[in-house]
Structures are given as C-alpha cells and as structure tokens.
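Take a look at the structure set out below.
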Amino acid sequence: MTTIRSFMTEDHRRCDDLFAEAEQAVGKGNLALAEVTFGHFRSAMLAHFDSEEKTLFPTFEAKTGMRMGPTQVMRMEHEQLRSLMDDALAALKTANADDYLGLADTLVIMMQQHNMKEENMLYPMCDQHLSAEVPAVLERLETELCEP
Amino acid sequence: MLAFENAPPFAAPLRFFLSAPLFAVLAGLLVAFEGPDIFASRWTPGALAATHLITIGFMLQVMLGALIQILPVVAGASLKNPLTVARIVHPGLSAGALLLAAGFMAGMPVLLASAAFVLGLTALFFLAVTARALIGVANTSPTIRGIKLALFGLAGVVGLGVFLALALAGGWSIPLMALADLHAGWGLGGWAGVLLAAMAYTVVPMFQLTPGYPARAGWGFPNFMLVMLVLWSVAVFADWPWLARLGQLGCALAGIAFAGLTLRLQGKRRRARPDATYRYWQLGLIATILALILLATAAVWPAAADLDGWTLIFGALLMAGGFLPFITGMLYKIVPFLSWMHLQNAGQAKVPAPAMNKILPEIGMHRQLLAYTAALALLLAAQFFPALLTRPAGLAFAAANAWLWWNLLGAIRRYHHHRADIEARLTTP
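Those sequence lines, one after another, are chains A and B.
In terms of the working numbering, the first sequence has 98 at position 98, counting the first letter as 1, and numbering is strictly consecutive.
Adding 148 to a residue's 1-based position in the second sequence gives its number in the working numbering.
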C-alpha cells in the first residue's frame with residue numbers, strides 16, 4: 001500500500017539520483033554538464049519542497065493543530081537547503097569546482113539529515129494523523145511532483 | 149516526544165570529540181616510553197593500559213558523544229538534557245580511562261577498583277538515559293534497532309570489565325584469560341561492531357551515495373553477532389572451549405561479511421571525489437578484514453594464537469587499523485558539519501555560514517591521514533622488529549593523533565571566529 005512515507009521517500013531517492021548525476025559530471029571535470037544536471041536536481045528539490053509546504057504541511061497543521069512544531073523546523077531547513085543549492089549552482093556557473101565540492105558536501109549532509117527526520121518522524125506522523133485524508137493528499141502530491 | 153528542534157548544543161558532543169585524540173596521543177607516548185617490552189605479550193601492564201586508553205579514552209568517548217548528538221536525528225529519541233548528560237558522562241569516561249590505565253601500570257588494586265566503580269556508574273547512567281529516550285521508539289530502520297542492540301553489547305562489555313577489574317584488584321581466582329577474551333568480544337563485536345554497522349546502514353548509502361545495504365544484512369548482522377556472543381558466553385561459563393571457538397568464528401565471519409559488503413558498496417559510490425573520510429573507511433575496512441581473518445584462523449586452529457605477536461597484530465589491526473580510522477573518518481564529517489549547522493542557525497538566515505571545506509580544509513585531513521597510515525604501518529612492523537621500531541611507532545602514533553586533535557581544534561577555532569563575526573554583524577544593522 002502506498003503511504004505518504006513511502007511515496008515521499010521515493011521522491012527523496014529520485015532527488016538523490018539527480019544529485020549523484022551532477023556529482024559524477026563534476027568528477028569527470030565536465031562542469032558544463034554538471035551545471036545542467038545540478039539544475040535538474042535543484043528543480044526536483046524545489047518541487048518537492050513546494051508540494052510539502054503547499055499541500056502536505058498545511059493539511060498536517062490543520063488536522064493536528066501543530067503549527068509551530070515539526071513543520072516549522074522543516075520549513076526552516078528548506079530555506080537553508082534552497083540557499084545552499086543557489087550557492088552551489090553559482091559555483092558551477094563560475095566554474096569554481098573547489099567551492100562547489102565544499103558546498104556539495106555540506107548540502108549532502110544537510111539534505112540527508114533533513115530527509116531522515118522527515119522519513120523517520122514527520123511522514124509516519126502524517127500517515128498516522130491523516131489516515132482518512134491520505135488517498136486525497138497522495139493524489140495531489142502525485143500531480144504536483146509528476147508534472148513539474 | 150519530538151526531536152525536531154532539540155539538536156543538542158554544540159558543547160555537548162564537542163567535549164568528547166576534542167578529548168578523544170588526546171587519549172590516543174597518551175597511548176602512543178606510553179608505547180614509546182615503555183619501549184620493546186610493552187609488546188612482549190598482550191598481558192603486559194603497558195599493553196593493557198594502552199589498549200584501554202584507546203578503547204575507552206578514544207573509541208567509547210567518541211561513540212557516546214556522537215550518540216548524544218545523533219539519537220534525535222536517526223531515532224527521534226531525544227535525551228532530556230543532553231548537556232547535563234555530557235557533563236556527567238565525559239568526566240566519568242575520562243577519569244575512568246586514566247584510573248584504569250594507571251591501575252594496570254602501577255598494579256594497584258585501589259586504582260583498578262576505583263576505575264571499575266567510576267566506569268561502571270558512568271555506563272549505567274548513560275544506559276539509563278538512552279534507554280529512557282529509546283523506549284517506545286519503533287524499530288522502523290535497521291539503524292534504530294542496531295543502536296538498541298548495541299546498547300546490550302555496551303552493558304555486556306562494561307559488566308564483564310567491571311568484574312575483571314574487581315577480580316584483579318581482589319585477587320579472585322577466575323578464568324582470567326577466557327573472560328578477558330569474552331570481554332573483548334562483547335566490546336569490539338557486540339558494542340563497537342554492532343554500533344558501527346548500525347551507523348553504516350545509514351551513513352554509507354546516504355553520504356557516499358552508494359546503493360543501500362540489502363535488508364537481510366541490515367537486520368541480520370546485529371542479531372547474528374549477539375547470538376554468537378551469547379553462545380561464546382555460555383561456553384565460557386560452562387567451560388566448553390569448542391563452543392567458545394565456534395562463537396569467535398561466527399563473530400569473525402559476520403564481521404568479514406559486513407566489511408566486505410561495505411567495501412563492495414563503496415566501490416559503487418557516486419560522489420565526485422574521494423575525500424579523507426572515504427579513504428579512512430577504505431583503510432578501516434581492509435584492516436578489519438585482515439584482523440578478522442586472523443581471528444577466524446585462530447578459532448579453527450588455536451595453536452596459531454600462540455605464535456609470536458599473533459594476538460597483538462590482531463588487536464593492532466582491528467583497533468588501530470579498523471575502528472580508529474572509521475571513527476576519525478566520521479569525525480572529519482561530523483565536526484565541520486556541526487560547526488556549519490550551528491553557524492547557520494546563529495546567522496538567522498541573514499549572515500551566511502562558510503561551507504564545510506572552509507571550516508576544515510581537505511588538505512589538512514588528507515595529510516593527517518597519510519601520517520596516520522604511516523604510524524599504523526610502523527606499529528604493525530614493530531611486532532616483527534620490536535627492538536628497532538617500538539619507540540618510533542609509539543611516537544608516530546602519538547604524533548598522528550596529535551595532528552588529528554590539531555585539525556579538529558583548528559575547525560573549532562574557525563567556528564568561534566565566524567561565530568563572533570556573525571554576532572557582530574547581526575548587532576550592527
């Protein structure tokens with residue numbers, strides 16, 4: 001059965017794969033290709049954040065009344081990740097591989113520990129509290145994430 | 149119950165990370181000071197003291213500090229007051245490691261008994277607060293369950309250790325060697341090995357972008373390891389040497405399978421460039437496999453363990469070659485990342501934080517890795533040419549760990565510098 005947890009976790013892994021493509025391009029010294037693939041990664045991440053901030057989090061907040069709790073922390077981390085991705089893209093645009101590597105390292109850890117909190121805590125909470133709404137929420141998330 | 153924003157203050161884990169390398173320096177200096185005699189057997193006071201400076205002073209120190217930091221993130225289990233926990237556990241471990249080393253060196257019962265008392269209470273306290281945080285956390289990942297099982301390993305190694313120290317202090321008549329082997333098995337296999345595997349299930353795929361561990365390995369390894377240790381324990385108490393050897397063989401084969409699998413996964417990593425952490429892990433995995441081949445061989449053919457230097461080479465390969473490189477590699481990610489994270493939070497999205505490689509530059513880590521590898525090679529070679537190489541090996545080991553300390557300290561100095569800068573910029577609009 002598809003749950004919010006399994007569906008959104010799947011999308012995290014899809015973003016990881018796109019990030020890995022950019023890493024491989026940098027590894028081969030092809031910064032132009034890296035810029036394109038990193039762009040794909042960034043779009044996928046931004047779409048993921050948007051679907052959470054516009055659909056999943058508000059539904060969770062409305063149902064549980066927790067407005068300043070976990071979702072607020074996740075929003076803050078989204079901001080930090082957005083800014084890291086902007087900086088990393090800028091480093092690729094100016095062909096500064098060293099800056100990119102430092103930012104990418106920070107980005108990977110930040111992104112993964114953020115994903116871990118969502119996958120291990122927030123999504124299971126969503127599945128638990130939104131049990132009645134899960135099919136409808138999933139349908140909306142699916143449209144948002146599959147039609148960029 | 150939620151652990152989203154209660155990331156512990158930096159001061160909680162940092163004290164463990166910054167003092168651990170100093171214990172390894174001390175162990176190296178002890179080897180240099182004692183000279184060739186220290187490696188006459190694994191039972192010399194110097195060898196016992198150096199081993200425990202490494203296992204308690206370095207390994208346990210970092211492991212408990214890191215658990216205080218990451219339990220909220222990986223398991224959603226937050227300790228009630230992480231800074232207080234750190235303020236109790238850190239001096240407990242530090243004093244305990246020093247007392248124990250001093251007790252071995254001086255052969256003084258009162259020191260050994262005090263060490264047992266301090267370390268036993270410290271571990272008991274840590275186990276109680278983590279158990280309280282972990283109760284009710286569902287086993288939704290092999291990492292969470294692995295951490296829980298590792299805590300049984302910690303209870304096992306400390307329980308046996310306290311008993312052994314008291315027996316030595318009181319001159320009790322017990323099968324000392326068989327129990328000391330079992331104590332090492334619980335410590336290196338049940339606690340350190342299971343904890344390392346539990347962390348690897350998460351950190352290897354996520355941070356090195358490798359394929360995930362197969363589910364059977366992730367859930368099966370900790371179980372298998374603990375079952376083998378229970379068999380081995382039964383064997384010691386029932387005095388069935390063949391069963392003890394079977395348990396040792398099982399632990400060794402499980403460890404080889406885990407390390408081999410990790411090597412294979414790392415071969416498929418998709419990061420842009422091998423960094424110091426990755427190279428430290430490669431070193432650690434290869435040394436671990438070699439060490440465990442020695443252990444498996446001795447389990448099948450016990451006479452091997454009587455060969456000159458066999459057990460000491462095994463210990464050096466597993467601890468100095470395996471666990472220390474794994475831990476150092478992780479410290480090289482944890483410390484700059486936590487620095488970045490705390491700077492980022494201090495900047496309140498108005499002042500940007502410097503990237504991790506500006507806080508701890510790659511070149512410094514890489515050179516320290518080379519120095520450490522050279523020290524390890526000397527330490528192993530010293531088992532074959534003790535008269536010539538024991539002192540240089542001890543000094544090299546101390547120097548490489550002092551360098552690790554210096555690198556971490558540099559990161560923290562840069563952290564404080566940026567922190568002051570951020571605060572100044574936030575107050576002047």
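C-beta: ideal position from N, C-alpha, C; glycine also.
Practice prompt. Please confirm whether phenylalanine 49 (chain A) and threonine 71 (chain A) have their CB atoms less than 7 Å apart.
Written response: The residue you call residue 49 (chain A) lines up with position 49 of the first sequence. The residue you call residue 71 (chain A) lines up with position 71 of the first sequence. Going by C-beta atoms, phenylalanine 49 (chain A) is not nearer than 7 Å to threonine 71 (chain A).
Item to complete: Answer with buried or exposed for tryptophan 429 (chain B), where buried requires no fewer than 16 other C-beta atoms within 10 angstroms of its C-beta.
Response: Taking the first residue of the second sequence as position 1, residue 429 (chain B) is located at position 281. Buried is the call here.
Worksheet item: Measuring CB to CB, does proline 473 (chain B) end up less than 7 Å from methionine 504 (chain B)?
Response: On the second sequence, residue 473 (chain B) is found 325 positions in, with the first residue counted as 1. On the second sequence, residue 504 (chain B) is found 356 positions in, with the first residue counted as 1. Going by C-beta atoms, proline 473 (chain B) is not nearer than 7 Å to methionine 504 (chain B).
Item to complete: Just the C-alpha distance for alanine 519 (chain B) and glutamate 61 (chain A), rounded to the nearest angstrom, thanks.
Response: Taking the first residue of the second sequence as 1, we reach residue 519 (chain B) at position 371. Taking the first residue of the first sequence as 1, we reach residue 61 (chain A) at position 61. Cα to Cα, alanine 519 (chain B) sits roughly 53 Å from glutamate 61 (chain A).
Discussion item. Is any non-hydrogen atom of the ligand MG found closer than 6 Å to the C-beta of glycine 512 (chain B), if you look at the structure I gave you?
Written reply: Among the ligands in the structure shown, none appear at all, so the ligand MG cannot be discussed.
Worksheet item: How many whole angstroms separate the CB atoms of valine 342 (chain B) and methionine 376 (chain B), which I take to be in contact at a CB cut-off of 8 Å?
Response: Position 194 of the second sequence, counted from the first residue, corresponds to residue 342 (chain B). Position 228 of the second sequence, counted from the first residue, corresponds to residue 376 (chain B). That belief does not hold up - the Cβ atoms of valine 342 (chain B) and methionine 376 (chain B) are roughly 11 Å apart, past 8 Å.
Worksheet item: Could one say the Cβ of valine 310 (chain B) lies closer than 7 Å to chain A's Cβ atoms, at least one of them?
Response: The sequence position of residue 310 (chain B) within the second sequence is 162, counting from 1. Output row for valine 310 (chain B): interface = no.
Worksheet item: Under the three-state reduction of DSSP, which class applies to alanine 420 (chain B): helix, strand or coil?
Response: Translated into the one-based positions of the second sequence, residue 420 (chain B) becomes position 272. Alanine 420 (chain B): coil per DSSP, three-state reduction.
Worksheet item: How would you label serine 6 (chain A), buried or exposed, when you count the other beta carbons within 10 angstroms and need 16 or more for buried?
Response: Residue numbering aside, residue 6 (chain A) sits at position 6 when the first sequence is read from its first letter. Answer is exposed; the Cβ neighbour count stays below 16.
Practice prompt. Report the residue from B:Pro156, B:Leu246, B:Leu536 and B:Ala264 whose alpha carbon sits nearest the alpha carbon of alanine 234 (chain B).
Written response: Position 86 of the second sequence, counted from the first residue, corresponds to residue 234 (chain B). It is B:Pro156 whose Cα lies nearest to the Cα of alanine 234 (chain B).
Worksheet entry | Cβ-based burial, phenylalanine 152 (chain B) [other Cβ within 10 Å; buried from 16] | If you number the second sequence from 1, residue 152 (chain B) lands on position 4. With a pLDDT of only 44 at phenylalanine 152 (chain B), under the threshold of 50, the placement of this residue in the model should not be trusted; the figure read from the coordinates follows. Buried, because 16 or more other Cβ atoms sit within 10 Å of the Cβ of phenylalanine 152 (chain B).
Item to complete: Determine contact between the region 415-424 of chain B and the region 347-366 of chain B, defined as no fewer than three beta-carbon pairs at a distance below 8 Å.
Response: yes
Fill in: Cα-Cα separation, isoleucine 511 (chain B) to valine 448 (chain B)
Position 363 of the second sequence, counted from the first residue, corresponds to residue 511 (chain B). Position 300 of the second sequence, counted from the first residue, corresponds to residue 448 (chain B). Near 44 Å, if we compare the C-alpha coordinates of valine 448 (chain B) and isoleucine 511 (chain B).
Discussion item. Relative to the C-alpha of alanine 25 (chain A), which candidate in A:Leu138, A:His129 and A:Ala95 has its C-alpha closest?
Written reply: Residue mapping note: residue 25 (chain A) aligns to position 25 of the first sequence, counting from 1. Considering only alpha carbons, the answer is A:Ala95.
Worksheet item: If the cut is a Cβ gap below 7 Å, which residues of chain A does phenylalanine 355 (chain B) touch?
Response: In the second sequence, counting from the first residue as 1, residue 355 (chain B) sits at position 207. The contacting residues are Val108, Ile109 and Gln112.
Worksheet item: By how many angstroms is the C-alpha of isoleucine 437 (chain B) removed from the C-alpha of phenylalanine 406 (chain B)?
Response: Taking the second sequence and counting its residues from 1, the one referred to as residue 406 (chain B) is at position 258. Taking the second sequence and counting its residues from 1, the one referred to as residue 437 (chain B) is at position 289. Approximately 9 Å between the Cα atoms of the pair.
Fill in: Nearest-angstrom Cα separation, counted from serine 131 (chain A) out to glutamine 496 (chain B)
Against the second sequence, residue 496 (chain B) aligns to sequence position 348. Against the first sequence, residue 131 (chain A) aligns to sequence position 131. Roughly 35 Å between the two C-alpha positions.
Worksheet item: CA-CA distance, methionine 149 (chain B) and arginine 67 (chain A)?
Response: Translated into the one-based positions of the second sequence, residue 149 (chain B) becomes position 1. Translated into the one-based positions of the first sequence, residue 67 (chain A) becomes position 67. Low confidence applies here, because methionine 149 (chain B) scores a pLDDT of 29, under 50, leaving its location unreliable; read the following figure in that light. Computed Cα separation, rounded: 16 Å.
Worksheet item: Taking any Cβ of chain B, which residues in the region 18-51 of chain A have a Cβ under 7 Å from it, in chain order?
Response: Ala20, Glu23, Gln24, Val26 and Gly27
Item to complete: Count the other CB atoms, across all protein chains shown, that sit within 10 Å of the CB of asparagine 115 (chain A); report buried if there are 16 or more and exposed otherwise.
Response: The residue labelled residue 115 (chain A) in the question sits at position 115 within the first sequence. By the 10 Å Cβ count, asparagine 115 (chain A) comes out buried.
Discussion item. Please identify, using Cβ separations under 8 Å, the residues of the region 415-430 of chain B that lie next to chain A, in order along the chain.
Written reply: Arg418, Arg419, Ala420, Arg421 and Asp423
Fill in: CA nearest to the CA of phenylalanine 300 (chain B), picked from B:Gly432, B:Asn371, B:Leu552 and B:Arg421
Counted from its first residue, the second sequence places residue 300 (chain B) at position 152. Considering only alpha carbons, the answer is B:Asn371.
Discussion item. Measuring only the C-alpha atoms, how far is isoleucine 560 (chain B) from isoleucine 482 (chain B)?
Written reply: On the second sequence, position 412 is the one that residue 560 (chain B) refers to. On the second sequence, position 334 is the one that residue 482 (chain B) refers to. Approximately 12 Å, taken between the alpha carbons.
Worksheet entry | Contacts that lysine 481 (chain B) makes with chain A (C-beta to C-beta distance below 9 Å) | The residue labelled residue 481 (chain B) in the question sits at position 333 within the second sequence. Neighbours of lysine 481 (chain B) on chain A, chain order: Asp105 and Ile109.
Discussion item. Any C-beta of chain B within less than 8 Å: which residues of the region 2-17 of chain A qualify?
Written reply: Asp16
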